[in-house]
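Residue numbers (our numbering): 2 to 437.
Have a look at this one:
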């Protein structure tokens, strides 16, 4: 059974990777292709579970009224159908739908979904030009691939699974209390407006802080990983204290993104706790008043108070889920800045393979410049014309930075020329397949 659900989604699609979009929604949709059917199924199951769970509170309110009004001798006979129905809901339907949701979510999505994103992002980055990797720490790039994959999964699944569950749950609560007595629903509606306002004001600030934190974390990880990767060079040429100070600088930058985040979390937690306390107090006081006026029944009071107590627990959970959602949005935005960069050196459409027969190389009026600061190019070659015959050996001599390595890199097409052509046996290397 588990294998069936694990095979519903393919973590390694064969389609060639394409450049991801640079906007948040389009980026997430780009990496969600092939997952929509399972995601929407999970979303539907979450809505069903939320509705069924709320009906239990309505059933509890009815039980309280029945205990106060019904005759014990005839109670089972009168309400047997309702009791059997609610028993089926509690024992069969709710566990069954939760099992289905878990199978689709945990077996089909939680493992395969982020792996699919990593697979596509990794293959796209393998096609990036050499200059891309020269401008980034290897550890930093790897960290962003790992972080972004998990954050895209969390963002999409929270929106289509948890947020649907929470939204349907809250709406069902309000409707249920309104059907009991609309006056009892008023404090809940006011609380919901205040709660949404608190999240609307404070949680987006967490998103911004999280974006800075994700970038600082990538920088810190990149420096540490690169120190270990190049440990021979570190041992030969760098003092250990200097290397430690280099890492400490990035750690300190990361820590200075943690402090603002924790301050916001403390304020958020206090505001939610205060609003919950006011909700419970107002519903309790209103229930007593309405009961004294003989407007509501004990069952309706039990329904309203139990839902408020349930909200007290759910509000903290929802708060952290929403905060986590915005943290993941910040991480995704940080990942977009790296993973969605266009590839500088591309194959032309239907590029043929390079056919080497003799090995003649011709740099034909070739010019090349590196990109510099403020978009000002740094010229290296201008109208270079060099012909190397098959079998001929050529030595390149010059000072450091004169362009010896650059000439070889251009021949290997690590970069595209600014002007002119590089020909191998008369074939322009910019018009043939790079892998050939």
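In this text, a Cβ means the ideal position worked out from N, Cα and C, and glycines have one as well.
Cutting at 6 Å between CB atoms, please list the residues of its own chain near residue i, excluding the five before and the five after it.
i: residue 320; result: 273
i: residue 430; result: 414, 423
i: residue 77; result: none
i: residue 144; result: 219, 222
i: residue 313; result: 277
i: residue 389; result: 362, 395
i: residue 140; result: 222, 223, 226, 227
So the candidates are the options; which of them puts its Cα closest to the Cα of residue i?
i: residue 255; options: 223, 267, 285; result: 223
i: residue 340; options: 124, 281, 268; result: 124
i: residue 10; options: 181, 106, 56; result: 106
i: residue 6; options: 183, 40, 31, 14; result: 40
i: residue 348; options: 436, 375, 68, 333; result: 436
i: residue 337; options: 26, 398, 64; result: 26
i: residue 420; options: 384, 199, 427; result: 384
i: residue 170; options: 402, 50, 253, 134; result: 50
i: residue 296; options: 115, 276, 185; result: 185
i: residue 215; options: 66, 283, 333; result: 333
i: residue 190; options: 262, 324, 247, 276; result: 276
i: residue 283; options: 308, 298, 188, 372; result: 188
i: residue 115; options: 66, 153, 280, 104; result: 153
i: residue 402; options: 412, 245, 371; result: 371
i: residue 38; options: 312, 178, 110; result: 110
i: residue 279; options: 229, 209, 244, 192; result: 192
i: residue 146; options: 121, 157, 128, 177; result: 121
i: residue 48; options: 88, 99, 8; result: 99
CA-CA distance, residue i and residue j?
i: residue 213; j: residue 249; result: 17 Å
i: residue 71; j: residue 161; result: 43 Å
i: residue 196; j: residue 260; result: 24 Å
i: residue 327; j: residue 175; result: 26 Å
i: residue 330; j: residue 118; result: 16 Å
i: residue 304; j: residue 166; result: 20 Å
i: residue 234; j: residue 155; result: 39 Å
i: residue 62; j: residue 292; result: 15 Å
i: residue 318; j: residue 416; result: 51 Å
i: residue 151; j: residue 69; result: 52 Å
i: residue 205; j: residue 17; result: 35 Å
i: residue 53; j: residue 183; result: 22 Å
i: residue 360; j: residue 392; result: 7 Å
i: residue 73; j: residue 211; result: 59 Å
i: residue 31; j: residue 149; result: 13 Å
i: residue 302; j: residue 93; result: 28 Å
i: residue 376; j: residue 398; result: 30 Å
i: residue 225; j: residue 241; result: 13 Å
i: residue 409; j: residue 24; result: 37 Å
i: residue 13; j: residue 36; result: 12 Å
i: residue 262; j: residue 219; result: 17 Å
i: residue 136; j: residue 42; result: 42 Å
i: residue 269; j: residue 34; result: 35 Å
i: residue 84; j: residue 60; result: 9 Å
i: residue 67; j: residue 300; result: 8 Å
i: residue 400; j: residue 407; result: 13 Å
i: residue 103; j: residue 307; result: 27 Å
Would you say the beta carbon of residue i is closer than 7 Å to some non-hydrogen atom of the ligand ZN?
i: residue 78; result: Questions concerning the ligand ZN fall outside what the structure shown contains, since it holds no ligand whatsoever.
Only counting the same chain, and skipping five residues up and downstream in sequence, which positions put a Cβ closer than 7 Å to that of residue i?
i: residue 433; result: 352, 353, 354, 355
i: residue 322; result: 159, 163
i: residue 357; result: 425, 426
i: residue 365; result: 386, 421, 422, 424
i: residue 380; result: 370
i: residue 404; result: 381, 382
i: residue 258; result: 210, 213, 214, 217
i: residue 90; result: 53, 56
Let me check one thing: in DSSP terms, what residues is residue i bridge-paired to?
i: residue 167; result: Per DSSP, none; premise fails for residue 167.
i: residue 365; result: 422
i: residue 379; result: 371
i: residue 428; result: 425
i: residue 434; result: Beta-bridge pairing links residue 434 to no other residue.
i: residue 388; result: 363
Closer than 8 Å, CB to CB, is residue i near chain C or not?
i: residue 426; result: No chain C is part of this structure, which consists of one protein chain only.
Taking 8 Å as the limit between beta carbons, can you name the residues of its chain near residue i, skipping five residues before and five after?
i: residue 130; result: 344, 345, 346, 415, 416
i: residue 315; result: 167, 170
i: residue 221; result: 248, 251, 252, 254, 255
i: residue 134; result: 142
i: residue 172; result: none
i: residue 244; result: 228, 235
Next on the checklist: In chain order, what are the residue ranges of uninterrupted alpha helix (DSSP H) at least 4 long that sit wholly in the region 176 to 249?
Outcome noted: Segments of the alpha helix (DSSP H) lying fully in the region 176 to 249: 183 to 230, 232 to 238.
Item to check | 4-residue-minimum alpha helix (DSSP H) runs that sit fully inside the region 38 to 118, ordered along the chain | outcome: Given a length threshold of 4 residues, each whole run of the alpha helix (DSSP H) inside the region 38 to 118 is given here in chain order: 76 to 89, 95 to 103.
Item to check | Contiguous beta strand (DSSP E) assignments of at least 3 residues, all confined to the region 333 to 359 | outcome: Taken in chain order, the region 333 to 359 contains no complete beta strand (DSSP E) segment of 3 residues or longer.
Next on the checklist: What ranges does the alpha helix (DSSP H) occupy inside the region 265 to 341, keeping only unbroken runs of at least 4 residues that lie completely in it?
Outcome noted: 299 to 340
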